[in-house]
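Structure first, then comments.
Numbering (the working numbering), first residue to last: 39 to 471.
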């Protein structure tokens, strides 16, 4: 299993030394279907449940397309991006890359990703039952650098046993940030467990907090931070510090030990609430026996703070020698009923309305909760954020580092706010030049 993850990494690094390459090879021999045999490398991040069903989808694809052999390369989130970087530098990215919105601009604007528009126009990727607004989520300007695999929404996933034990309830149509804080403190007092996972990572949930206050994280042109009042940063992190101090949220050290979904606090029964995207619910429910529910986050209604976004995307690098075959695999992933019966919405609610309806009818009651939650959240959702600007990966790292320094009390929230603004603006301006 894990030994298969990014098995070509060392080869690609050696390429930079001029030793040999690791490109996808086209074999001249024909497959059972009479087509020229090809090898595709497909890469993704995720936990064990995602790896298991994606491997089954690959087997299904290979069976239906005997001329195609697929080499799977996967890792957890952190390792995935670390291992993708040397491949990118060597021009040896996998033929199909699972892409995140935080990295789409970085790879797309620097000319490393193929525009998928021609494959949509010629029907290789069938979009008949996919809304154009959904497809737009993978665009930068007129270029379709990533095809959305699913749609999801921010959520608070709760352990209902712990909430019941603490004697607390969540009215997620109207609860406030103060309500959230009080709930976390009460859960800790009554159960000895965390009330919240600490809204980790901060690069996802601090921007949401800003939206509840009518502000945005990035300027539209990507040249700097959009919010002007650092009090918003200070207030957000003061609450996080308080919850850690009161043992209602984990410390940064404890959060750092969570390497995959199997280690998450909600899976271990150690928190009453975990902040995550809705598509994570399926894996969490599979990994724990505790009853879980999806709740709308605090203060989402007034400013339409929630928004639909691609859960993740598939991209094809310009360096791929098998772009047409790679596009055909993407089409299979989003439009094949058997494949999506295996996915069950774990990568977000299917982008195809036809597939979404078919899949929902086959789901268990627990699995249907994701679809029902997204349908409900859609009623409240506001305008989606554009793709993160170039330099956002550096800004994300800076925010995480600053968050750790604050929570470890090496700096105050006020010092963190000033530090983050100065360095983040410098990063964004440098990358826009």
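Beta carbons are placed, not taken as given, at the ideal position from N, Cα and C, and that holds for glycine.
The structure displayed is predicted, hence computed values, not measured ones.
Neighbourhood of residue i by C-beta, 6 Å cutoff - its chain only, sequence neighbours within 5 removed
i	result
residue 458	440
residue 453	none
residue 167	390, 391, 392
residue 147	428
residue 145	151
residue 425	139, 142, 143, 178
residue 99	370
residue 265	248, 253
Cβ pair residue i, residue j closer than 8 Å
i	j	result
residue 186	residue 176	yes
residue 436	residue 462	yes
residue 333	residue 210	yes
residue 329	residue 246	no
residue 221	residue 206	yes
residue 308	residue 232	yes
residue 373	residue 304	no
residue 313	residue 389	no
residue 354	residue 151	yes
residue 341	residue 249	yes
residue 292	residue 223	no
residue 137	residue 351	yes
residue 275	residue 87	no
Selection from the options that minimises the alpha carbon distance to residue i
i	options	result
residue 419	447, 346, 133	346
residue 182	280, 356, 293, 74	356
residue 343	402, 331, 192	192
residue 368	83, 283, 161	161
residue 141	111, 430, 337	430
residue 214	184, 301, 339	339
residue 81	101, 118, 97, 104	118
residue 116	281, 74, 83	83
residue 273	257, 258, 251	251
residue 400	424, 385, 375, 417	375
residue 104	78, 114, 89, 122	78
residue 229	208, 217, 240, 201	201
residue 394	114, 188, 93, 316	188
residue 407	190, 237, 348	190
residue 271	87, 318, 244, 445	244
residue 208	174, 289, 310, 290	310
residue 327	256, 126, 197, 128	197
residue 361	154, 95, 73, 102	154
residue 255	423, 316, 324, 204	423
Where the beta strand (DSSP E) through residue i begins and ends
i	result
residue 137	134 to 137
residue 381	Segment 375 to 381 is the alpha helix (DSSP H) holding residue 381; no beta strand (DSSP E) there.
residue 78	74 to 83
residue 196	192 to 197
residue 107	106 to 113
Cut-off 7 Å between Cβ atoms - residues of its own chain near residue i, not counting five sequence neighbours on either side
i	result
residue 381	91
residue 466	260, 261, 262, 427, 429, 433
residue 226	232, 233, 284, 285, 286
residue 405	320, 382, 383
residue 378	388, 393, 397
residue 240	437, 438, 441
residue 129	357
Boundaries of the alpha helix (DSSP H) in which residue i is found, first to last residue
i	result
residue 277	269 to 283
residue 463	451 to 470
residue 401	Run containing residue 401: none; DSSP gives neither H nor E here.
residue 248	240 to 250
residue 148	Unbroken run through residue 148: none, as it is neither H nor E.
residue 155	155 to 159
residue 292	290 to 294
residue 473	Residue 473 lies beyond the residue range present for the chain, which begins at 39 and ends at 471; the question has no answer from this structure.
residue 87	86 to 102
residue 444	430 to 445
residue 172	170 to 174
Residues of its chain near residue i, where Cβ-Cβ distance is below 8 Å and the 5 sequence neighbours each way are ignored
i	result
residue 322	195, 299, 302, 304, 305, 312, 314, 330
residue 414	334
residue 277	215, 219
residue 295	301
residue 114	83, 84, 85, 297, 298
residue 363	76, 78, 106, 133
residue 447	279
Chain B contact for residue i (CB, 8 Å cutoff)
i	result
residue 287	The structure shown contains no chain B; it holds only a single protein chain.
- With a floor of 4 residues, list each alpha helix (DSSP H) that falls wholly inside the stretch 300 to 372, ordered by position along the chain. 319 to 325
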